Amino acid sequence: MIARTVWPMIAVAIAVSGCGSTPTIAADPAPRQFPDLDGFQRVNAGPYGDIGGHPSASGWRFSTPSGVRCVVTMIPTDGGISCQGTQADGRLFRAHASTSQAAEFSATDES
């Protein structure tokens, strides 16, 4: 009975100790991925704040020089960030991302 319990534990201990002595190779740092925010100027987010009656209706609103409008809610699971605007080809788009669901992107020909 003891042998059936002890031998598997010894085998696992040997396997684990062997893994710990395996030399490791440091990986190169990951390349910069999109979006690279280093080129943007920092701004005070205060003027962009919008306080509603509930945290999901509160957050930050802003638009880009090209007319894309974005909303970031204070509860990332409920609202996350949503943006909408016009693409270079004239199609309207909507994009949404949150921590509770898959990101969505849609584009239409309707104005």
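Take the sequence shown: its letters are residues -26 to -1, 1 to 85, numbered as in mature numbering (1 follows the signal peptide of the UniProt record, and there is no 0).
For every residue, glycine included, the Cβ atom is placed at its ideal position computed from N, Cα and C.
Predicted model only: the values in this text are computed from it and were never measured.
**Study point:** Ser72 and Gly54 closer than 8 Å at C-beta
**Key:** As a first step, residue 72 is located in the sequence shown; it is residue number 98 there, counting from the start. As a first step, residue 54 is located in the sequence shown; it is residue number 80 there, counting from the start. In contact: Ser72 and Gly54 (Cβ atoms closer than 8 Å).
**Study point:** In DSSP terms, what Val46 is bridged to
**Key:** On the sequence shown, position 72 is the one that residue 46 refers to. BP columns for Val46 point to Trp34, Ile55.
**Study point:** Classification of Thr82 by the beta-carbon crowding that lies within 10 angstroms, buried from 16 upward
**Key:** On the sequence shown, position 108 is the one that residue 82 refers to. Exposed, by the Cβ-count rule.
Check your understanding: Do you know offhand how far Ile25's Cα is from Asp63's?
Key -> As a working note, residue 25 is residue 51 in the sequence shown. As a working note, residue 63 is residue 89 in the sequence shown. The straight-line gap from Cα to Cα measures roughly 35 Å.
Review point. How is Gly64 classed by DSSP in three states: helix, strand or coil?
Key: Sequence index remark: in the sequence shown, residue 64 carries index 90 (1-based). Gly64 falls in the coil class under three-state DSSP.
Check your understanding: What's the call for Thr47, buried or exposed, on a 16-neighbour Cβ count within 10 Å?
Key -> Position 73 of the sequence shown, counted from the start, is the residue given in the question as residue 47. It counts as buried.
Check your understanding: Alpha carbon to alpha carbon, how far is Ala77 from His70?
Key -> Counting from 1 along the sequence shown, the entry for residue 77 is found at position 103. Counting from 1 along the sequence shown, the entry for residue 70 is found at position 96. Inter-residue distance for Ala77 and His70 is about 6 Å (C-alpha atoms, whole angstroms).
Review point. Nearest to Ser74 by alpha carbon, out of Arg65, Gln61, Arg68, Ile49?
Key: Numbered from 1 along the sequence shown, position 100 holds the residue referred to as residue 74. Considering only alpha carbons, the answer is Ile49.
Point to revise | Best match in Cys44, Ser40, Asp12, His28 for proximity to Trp34 [C-alpha to C-alpha] | key: Numbered from 1 along the sequence shown, position 60 holds the residue referred to as residue 34. Considering only alpha carbons, the answer is Cys44.
Exercise for review: Using the Cα positions of Ser(-6) and Asp12, report the straight-line distance between them to the nearest angstrom.
Suggested key: Locating residue -6 in the sequence shown gives position 21, counting from the first residue. Locating residue 12 in the sequence shown gives position 38, counting from the first residue. Residue confidence is low: Ser(-6) scores 49 on pLDDT, short of 50, so the model does not pin down where it sits. Its coordinate-derived value is still stated next. Between the C-alpha atoms of Ser(-6) and Asp12 there is a straight-line separation of about 40 Å.
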